[in-house]
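**Q** If you count the sequence shown from 1, you need to add 973 to reach the working numbering. Virtual Cβ for every residue (Gly too), placed ideally from N, Cα, C.
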Amino acid sequence: MIRFACDRCGVALKSNDSARFILKIEAYASAGPLAFDREEIERDRSAEMEALIEQLKRTDADQIEDQTYRAMRFDLCRECHREFLADPIGRRHHDGRHDREDES
Ligand SMILES: [Zn+2]
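Here's what the structure looks like:
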């Protein structure tokens, strides 16, 4: 029999265990549809593109993926599943707002 462990607390779980829950999480950027006018299309962007390519070369691949799309899968025991449902985005452990560069 395939054995599993809760990814949160480590307790042993069996593959057909009714106390084993599978958690799948997707996180992705919420970019809206792109709209360009003729001026935007015709503008020379070669310098911007080169700067972007250089920036991407210096950035870790996982960091780029984290900024666009990330899918995760976890096995949880009954208790960790219950605690996840009670606070799925960790509000209890978050102490306030983040400083954001793009806030005005
Ligand atoms: Zn657990």
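Which of helix, strand or coil does DSSP assign to LEU986?
**A** LEU986: strand per DSSP, three-state reduction.
**Q** Roughly how many angstroms lie between the CA atoms of TYR1042 and PHE994, to the nearest whole one?
**A** When rounded, the distance between both Cα atoms is 23 Å.
**Q** Using a threshold of 7 Å, is the CB atom of LEU1104 nearer than that to any non-hydrogen atom of ligand 1?
**A** Any property of residue 1104 remains undetermined from this structure, which presents the chain solely from 974 to 1077.
**Q** Is ARG981 near ligand 1 - that is, is its Cβ less than 7 Å away from at least one heavy atom of it?
**A** ARG981 Cβ: within cutoff of ligand 1.
**Q** Between which two residues does the alpha helix (DSSP H) harbouring ILE1037 extend?
**A** Run containing ILE1037: 1034 to 1041, per the alpha helix (DSSP H) assignment.
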